[in-house]
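These notes concern the structure reproduced below.
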């Protein structure tokens, strides 16, 4: 799951990023209005953590821009300005939640998990599809009620596909979501094939009722 952290305090941003990465999230950073807007315009995220006070513009202005360009990311406002007006305006502009600084990292983790559950999993910790159950809390899966061990990227790939069953996923979108925004600097995306090949083998060996089908020249889809 991919998160964009927009926070101009570098030290705080690093602490938050390290905490989120320990929870197996893929985290990208932006430190000002313009760089944040550029990232949001080009890439997609599961969740955006948005500070209100930013160099070059406010987080509320950025929130307006996000909705204006039709992005649908879940958004949590992070701000030291704990005023009712800011909170109400942020929620009216489309934010999903509001967390006032200082906050405990455990609370931030809980808010992120809650938002992602609501958006992608209908509020459930476990997603079931055919004979597969994916537990997003402990990042485990079962096939036919038996546990199957996946590495981090294999789990992220399966989760990405299983919340988008039968949808054609372009290779670039898949790479950005699992490996991050810097993927556009890679010489090729051939490594995705090997990761999917390994995942498909584990699914087949454990008699999963699904498969990841390659669509030549475009990408993949879960069938």
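Numbering (my numbering), first residue to last: 7 to 229.
Backbone N, C-alpha and C define an ideal beta-carbon position, used for all residues, glycine too.
Just so you know, these numbers come straight off a predicted model, no measurement behind them.
Member of the options whose CA lies at the smallest distance from the CA of residue i
i, options, result
"residue 70", "133, 157, 46, 23", "46"
"residue 178", "15, 49, 42", "49"
"residue 137", "105, 215, 123", "215"
"residue 5", "174, 141, 132, 65", "Residue 5 is absent from the structure shown; the chain starts at 7 and stops at 229."
"residue 225", "186, 208, 187, 167", "167"
"residue 114", "42, 9, 227", "9"
"residue 147", "41, 209, 44", "209"
"residue 154", "122, 109, 207", "207"
"residue 201", "144, 185, 32, 103", "185"
Three-state secondary structure (DSSP) of residue i
i, result
"residue 152", "strand"
"residue 70", "helix"
"residue 17", "helix"
"residue 43", "helix"
"residue 139", "strand"
"residue 103", "strand"
"residue 50", "coil"
"residue 34", "strand"
"residue 64", "strand"
Residue burial classification, residue i (beta-carbon count within 10 angstroms, cutoff 16)
i, result
"residue 219", "exposed"
"residue 116", "exposed"
"residue 170", "exposed"
"residue 157", "exposed"
"residue 183", "buried"
"residue 176", "exposed"
"residue 203", "exposed"
"residue 160", "buried"
"residue 93", "buried"
"residue 34", "buried"
"residue 96", "buried"
Whole-angstrom C-beta distance between residue j and residue i, which should lie under 8 angstroms
i, j, result
"residue 55", "residue 12", "6 angstroms"
"residue 57", "residue 80", "In fact, because the Cβ distance is near 16 angstroms, the residues do not count as touching under 8 angstroms."
Q | Every unbroken beta strand (DSSP E) inside the stretch 151 to 222 [3 residues or more] | A | 152 to 154, 218 to 221
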